[in-house]
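To keep things clear, I will list the structure first and then write my remarks on it.
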Amino acid sequence: MIEHADNIGMGAVLRADVCVIGAGPAGIALTLALAERGVSVLLLESGEREADAATQALYAGELANAQLHSPPDTYRQRRLGGSSAIWGGRCMPFDVQDFETRAQVPHSGWPLSYEDLLPYYPAANALAEAGRFSYDARQALGEQVAPMIAGFDSPSVSTEGLERFSCPTHFGQRYAGRLQNATGVRLLLGANVTALHLQADGQRLASVTVRSLKGRQFEVAARSTVLASGGLETARLLLASQGRTPAGVGNAHDVVGRYYMCHIAGQVGSLRVSGSPRQVRHGYEVSPEGIYCRRRLQVVASEQRRLGLANAVARLHFARITDPAHRSGVLSGLFLSRRLISYEYSRRLQGGQTTLASYARHVLNIASDPLDTAGFLGHWLLKRTLAERKFPSVILRNRSNLFSLEVHGEQLPQAQSRVTLSDRRDALGMPQLHVDWRYAQADIESVRGTLDVLALAFEASGVARFDYQRETLEEDLMRFGAYGGHHLGTARMGSDPRTSVVNADCQLHSVRNLFVAGSAVFPTSSQANPTLTLIALSLRLADTLATRLARPPPLQLHALAEAA
Ligand SMILES: Cc1cc2nc3c(=O)[nH]c(=O)nc-3n(C[C@H](O)[C@H](O)[C@H](O)COP(=O)(O)OP(=O)(O)OC[C@H]3O[C@@H](n4cnc5c(N)ncnc54)[C@H](O)[C@@H]3O)c2cc1C
Numbered sequence: 327m328i329e330h331a332d333n334i335g336m337g338a339v340l341r342a343d344v345c346v347i348g349a350g351p352a353g354i355a356l357t358l359a360l361a362e363r364g365v366s367v368l369l370l371e372s373g374e375r376e377a378d379a380a381t382q383a384l385y386a387g388e389l390a391n392a393q394l395h396s397p398p399d400t401y402r403q404r405r406l407g408g409s410s411a412i413w414g415g416r417c418m419p420f421d422v423q424d425f426e427t428r429a430q431v432p433h434s435g436w437p438l439s440y441e442d443l444l445p446y447y448p449a450a451n452a453l454a455e456a457g458r459f460s461y462d463a464r465q466a467l468g469e470q471v472a473p474m475i476a477g478f479d480s481p482s483v484s485t486e487g488l489e490r491f492s493c494p495t496h497f498g499q500r501y502a503g504r505l506q507n508a509t510g511v512r513l514l515l516g517a518n519v520t521a522l523h524l525q526a527d528g529q530r531l532a533s534v535t536v537r538s539l540k541g542r543q544f545e546v547a548a549r550s551t552v553l554a555s556g557g558l559e560t561a562r563l564l565l566a567s568q569g570r571t572p573a574g575v576g577n578a579h580d581v582v583g584r585y586y587m588c589h590i591a592g593q594v595g596s597l598r599v600s601g602s603p604r605q606v607r608h609g610y611e612v613s614p615e616g617i618y619c620r621r622r623l624q625v626v627a628s629e630q631r632r633l634g635l636a637n638a639v640a641r642l643h644f645a646r647i648t649d650p651a652h653r654s655g656v657l658s659g660l661f662l663s664r665r666l667i668s669y670e671y672s673r674r675l676q677g678g679q680t681t682l683a684s685y686a687r688h689v690l691n692i693a694s695d696p697l698d699t700a701g702f703l704g705h706w707l708l709k710r711t712l713a714e715r716k717f718p719s720v721i722l723r724n725r726s727n728l729f730s731l732e733v734h735g736e737q738l739p740q741a742q743s744r745v746t747l748s749d750r751r752d753a754l755g756m757p758q759l760h761v762d763w764r765y766a767q768a769d770i771e772s773v774r775g776t777l778d779v780l781a782l783a784f785e786a787s788g789v790a791r792f793d794y795q796r797e798t799l800e801e802d803l804m805r806f807g808a809y810g811g812h813h814l815g816t817a818r819m820g821s822d823p824r825t826s827v828v829n830a831d832c833q834l835h836s837v838r839n840l841f842v843a844g845s846a847v848f849p850t851s852s853q854a855n856p857t858l859t860l861i862a863l864s865l866r867l868a869d870t871l872a873t874r875l876a877r878p879p880p881l882q883l884h885a886l887a888e889a890a
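For the sequence shown, the numbering used here assigns the number 327 to the initial residue and increments by one for each residue that follows.
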């Protein structure tokens, strides 16, 4: 059933087995899985079915350094489906080593292993509509599949790993029907949770306060409550709920909001491959079940460990779009139309020379490359705009065998990178977020180490040569600051309550019936984009909750009035 918060009685107290706060991929996956197990769920979603400016403004916040991080109301969507309304759909699981304690990654080591999460990945893949859970090129594309780069075979570098692409599935649109019809599910739109209230002993959550932008206010008291409000907003809710704990809920050791990670990403260097361009797989390949897949280069785990490198991948990419020297009409067309593209996707088209001369060179590129430009427009219209499963991104025909590398690397967790509460308040009176994202020199050096391994491996193979400017690497990686859209680690998982917020079950160490679903719990960031793993964790949490609720403890209703 889907209702609106404005239709709930003022001061009402709603009850359910589980209250889930936030209907993005995490909250929706969790809710559907709980409903399948007969658990009643009240799903509270701040947003509406479509984007709404007043609701989106609740995400506004402050930045410590605007060069390093985008405004917090960008790269997030406060609406049914959450940021999946605009995500790119790139899916891949975390690697085995991501869960391990690694000497080269401070604060690493999850309290669960890859094997613990593995049973949940196939269902996560299905929800994301990314096809089979198969991320090895031979398994996914067939034993006879051509190598990524003919003649390149290195014991240090794997080219077999794949990323698979979701439609990209907008979870709000795709699953609204199932949420509407699922037995025991009640989804409230326009329902902003503004405070979490602990019982007197501080060990259980009694209720949450819900407010609508039109002034409706009520409480929800559930046996268990799950924060599925995204990597930044989860920390905000915990920090802002200061009724019984002045530092915020679960924050006795000042860990909430710390260890905030994104990814270290950028376009670097130049890779020249010898031989025929046909022998290089740099773009998308389609799996037998019709899923777009793409290969990546990755230093193997044993070499990462031996050389003290964090996890990272690199894709073959085209020349820097902003520089008209690429002479591609397609790229120049993209550059010139960047104002028509949403902020999140045009940001990396900003910068570079924007003189009249460079504009003229971009126009000239289009004029002198009419066939490719027209061909690209037709392909984009058919395969992207009109297609339900969309071609994931712009890929140029490879004529020259000349590429740059697009790096996507793990960010090392550090306590100083953090979000806190600002003095400013939103329209509902909640303190806004203050985002102070930081990276360390070690992040840059780790990418440097990865690039050096790749360069050596290419040289040894004799089929390619990779060069990059060592002195500008930091600038290349930090040109656009933190990789937008991946908000990780602000309520990290661990076994020690002094250095983590939730345990292996995603339960707050200090509050027995309060849980977190989403990338806030990631203690380390992997090379992988986060959504597949946060969905898998949400499905695992559904199992945990269903098992626990089979023997529900008596609800201490008297505590509700006390705590409110
Ligand atoms: C441009 C862009 C591209 C991306 N591309 C990829 C990609 O290719 N691959 C990938 O893996 N990831 C990608 N991501 C990241 C991906 O979108 C997120 O990982 C994913 O959406 C997180 O899901 P979530 O449910 O945890 O949080 P969200 O999607 O943020 O959902 C949180 C929900 O909680 C609601 N909410 C927030 N506060 C409250 C409150 N106080 N009360 C009630 N409800 C609340 C919000 O309205 C929202 O619906 C991308 C993100 C962006 C912005």
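Ideal placement from N, C-alpha and C gives every residue a C-beta, glycine not left out.
Because the structure is a prediction, the values reported are computed rather than measured.
- Thr520 has its CB nearer than 8 Å to a heavy atom of ligand 1.
- Tyr585 sits away from Ser366, with the two beta carbons spaced by 9 Å or more.
- Spatial neighbours of Gly557 in its own chain (CB-CB distance under 7 Å, excluding positions within 5 residues in sequence) are listed in chain order as His813, Leu814, Thr816, Gly844, Ser845 and Ala846.
- The segment 599-613 and the segment 695-714 do not touch, with fewer than 3 CB-CB distances between them shorter than 8 Å.
- For the 9 Å CB-CB criterion, Arg375 and Leu515 form a contact.
- Non-local beta-carbon contacts of Gln605 in its own chain, meaning distances under 6 Å to residues more than five positions away in sequence, involve Ala476 in chain order.
- Scanning Pro603, Ala645, Val536 and Tyr671 for the CA closest to the CA of Gly755 turns up Val536.
- Positions of the beta strand (DSSP E) runs, each at least 3 residues long and wholly inside the segment 731-776, are given as 744-751 and 757-762 in order along the chain.
- When secondary structure is reduced to three states using DSSP, Gly655 falls in the helix class.
- For Asp343, there is no enclosing alpha helix (DSSP H); the residue is found in the beta strand (DSSP E) stretching over Val339 to Ile347.
- For Ser663, the number of other beta carbons within 10 angstroms of its own is below 16, and it is reported as exposed.
- Taking 9 Å as the cut-off, the Cβ atoms of Leu406 and Pro398 do not count as close.
- In the assembly as shown, Pro603 is an exposed residue. Its beta-carbon has fewer than 16 other beta-carbons within 10 Å.
- Restricting attention to Leu453, Ala741 and Ser600, the CA atom closest to the CA of His579 is found in Ala741.
- Judged by DSSP in its simplified three-state form, Ile692 adopts helix.
- Inclusion of Glu545 and Ala783 in the CB contact set at 9 Å is not warranted, their separation being larger than that value.
- For Leu871, the three-state secondary structure derived from DSSP is helix.
- Secondary structure at Gln470: coil, using DSSP grouped into helix, strand and coil.
- Annotation note: the segment 775-833 contains the following uninterrupted beta strand (DSSP E) runs of length 3 or greater, listed N- to C-terminal: 790-793.
- Of the residues assessed, Ile667 falls on the exposed side of the cut-off, its CB having fewer than 16 other CB atoms within 10 angstroms.
- Asp802 and Ser684 have their C-alpha atoms some 20 Å from each other.
- Runs of the beta strand (DSSP E) lying entirely within the segment 614-681, each at least 3 residues long, are 618-621 and 638-643 in chain order.
- For Glu426, there is no enclosing beta strand (DSSP E), since its DSSP letter is neither H nor E.
- Each of Met327, Gly415, Val346 and Met474 was checked against the Cα of Ala508, and the nearest Cα belongs to Met327.
- Put simply, of Gly487, Gly414, Asn691 and Leu453 the residue whose alpha carbon is nearest the alpha carbon of Ile354 is Leu453.
- If you draw a 10 Å sphere on the C-beta of Ala808, you find 16 or more other C-beta atoms in it, and that means buried.
- Ligand 1 approaches Asn855 closely enough that one of its heavy atoms is under 8 Å from the residue's Cβ.
- Arg805 is the residue among Ala753, Trp763, Gly498 and Arg805 whose C-alpha sits nearest the C-alpha of Val733.
- Within the segment 333-400, the complete beta strand (DSSP E) runs of at least 3 residues fall at 339-347, 367-370 and 387-389.
- Relative to the non-hydrogen atoms of ligand 1, the Cβ of Ala452 never comes closer than 8 Å to any of them.
- Linking Asn577 to Leu657 through their CA atoms gives a straight-line distance of about 48 Å.
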